[in-house]
Amino acid sequence: MQSYTIIPLADHRLLFRKQNKDFSMHVDYFNIAQSLINLGWDHAGKKAFKRANELFRRALKRWKRLYGEQDDLKVAIALVSIGDISTELDEYENAEHCLIQGLKMLDRLFPYNHIEKTKALMKIGNLYEKRSRFIDAMEYYRRGYDSAKEMIPIEHPRFIEYCGNILKLYRKMNNIDEALQFYAECFNLLQKELDAIHPNIAQIHLIMADVINEC
20 MQSYTIIPLA DHRLLFRKQN KDFSMHVDYF NIAQSLINLG WDHAGKKAFK
70 RANELFRRAL KRWKRLYGEQ DDLKVAIALV SIGDISTELD EYENAEHCLI
120 QGLKMLDRLF PYNHIEKTKA LMKIGNLYEK RSRFIDAMEY YRRGYDSAKE
170 MIPIEHPRFI EYCGNILKLY RKMNNIDEAL QFYAECFNLL QKELDAIHPN
220 IAQIHLIMAD VINEC
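In terms of this note's numbering, the sequence shown opens at residue 20 and continues consecutively.
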């Protein structure tokens, strides 16, 4: 016959209070960390990069308290956010470390394509462009663009922004032939899906015109 251990009612209450407290702390940490990320991007939009960096780092500490050393999307996003802001602050070594760590974590979490991987690739490209490492920048920009073709609707402004990053980098590299080929690729892709008067089609023409004029 199976025996059972009877737990006194008072112990049940203590256990419930502890579990409820632990759950409340988890929810509080989660909500606060997410708010710190959102507030950080709000400050970044106002060019208050140092304050944004501080907020992102505080968020990362809270995520790590919740998840420890295990891979998690929130931790990866915080790392990429810190890396992106560090690029704006010209803290390039820290930017590279955080961006690469964030991308590696995203690769482990999502072996397939994912929008956060798309954004991380483009941010790494931006870092290398600012450091005048144009070949490395182009590699990440092209990887980000290939990812974006699957993850972002081509009518979205961000898609044309990514195309523009590549065209402008070709201009910096004085490679007009590659720029023209890529422009043709983008234009053909856009015109298959969008009306001739769509803003993204107008924008790709304007970007290419600037590239030609400045080469």
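We treat Cβ as the ideally placed atom computed from N, Cα and C, and that holds for glycine.
What you are looking at is a predicted structure, and each value in this text was computed from that prediction instead of being measured.
Secondary structure of residue i, DSSP reduced to three states
{"i": "aspartate 214", "result": "coil"}
{"i": "methionine 124", "result": "helix"}
{"i": "lysine 65", "result": "coil"}
{"i": "cysteine 247", "result": "Here the chain comprises residues numbered 20 to 234, so residue 247 is not present and cannot be evaluated."}
{"i": "phenylalanine 129", "result": "coil"}
{"i": "glutamine 200", "result": "helix"}
{"i": "leucine 108", "result": "coil"}
{"i": "glycine 238", "result": "Since the displayed the chain opens at 20 and closes at 234, residue 238 lies outside it and no answer follows."}
{"i": "asparagine 194", "result": "coil"}
{"i": "isoleucine 56", "result": "helix"}
{"i": "isoleucine 223", "result": "helix"}
{"i": "isoleucine 173", "result": "coil"}
Endpoints, alpha helix (DSSP H) assigned at residue i
{"i": "glycine 144", "result": "134 to 149"}
{"i": "glutamate 169", "result": "153 to 170"}
{"i": "glutamate 180", "result": "176 to 191"}
8 Å Cβ cutoff met for residue i and residue j
{"i": "cysteine 112", "j": "isoleucine 173", "result": "Correcting the residue identity first, residue 112 is glutamate in this sequence and not cysteine. No. Outside cutoff."}
{"i": "serine 166", "j": "lysine 136", "result": "yes"}
{"i": "asparagine 72", "j": "isoleucine 101", "result": "yes"}
{"i": "glycine 303", "j": "glycine 144", "result": "Summary: the structure shown does not reach residue 303, with the chain confined to residues 20 through 234, and so no result is reported for it."}
{"i": "glycine 183", "j": "isoleucine 226", "result": "yes"}
{"i": "leucine 79", "j": "valine 94", "result": "yes"}
{"i": "phenylalanine 75", "j": "isoleucine 119", "result": "no"}
{"i": "isoleucine 185", "j": "arginine 161", "result": "yes"}
{"i": "leucine 92", "j": "phenylalanine 49", "result": "no"}
{"i": "asparagine 18", "j": "methionine 170", "result": "The structure shown does not extend to residue 18, since the chain is modelled only from 20 through 234, so no value can be given for it."}
{"i": "leucine 128", "j": "phenylalanine 68", "result": "no"}
Of the listed residues the options, nearest to residue i (C-alpha basis)
{"i": "aspartate 229", "options": "Leu188, Pro218, Asn207", "result": "Leu188"}
{"i": "tyrosine 202", "options": "Tyr86, Lys191, Ile220", "result": "Ile220"}
{"i": "aspartate 249", "options": "Leu208, Gln53, Cys234", "result": "Given that the chain is displayed from residue 20 to residue 234, the structure contains no residue 249 and the question cannot be resolved."}
CB contact below 8 Å: residue i versus chain C
{"i": "methionine 157", "result": "You won't find chain C in this structure, because it holds only one protein chain."}
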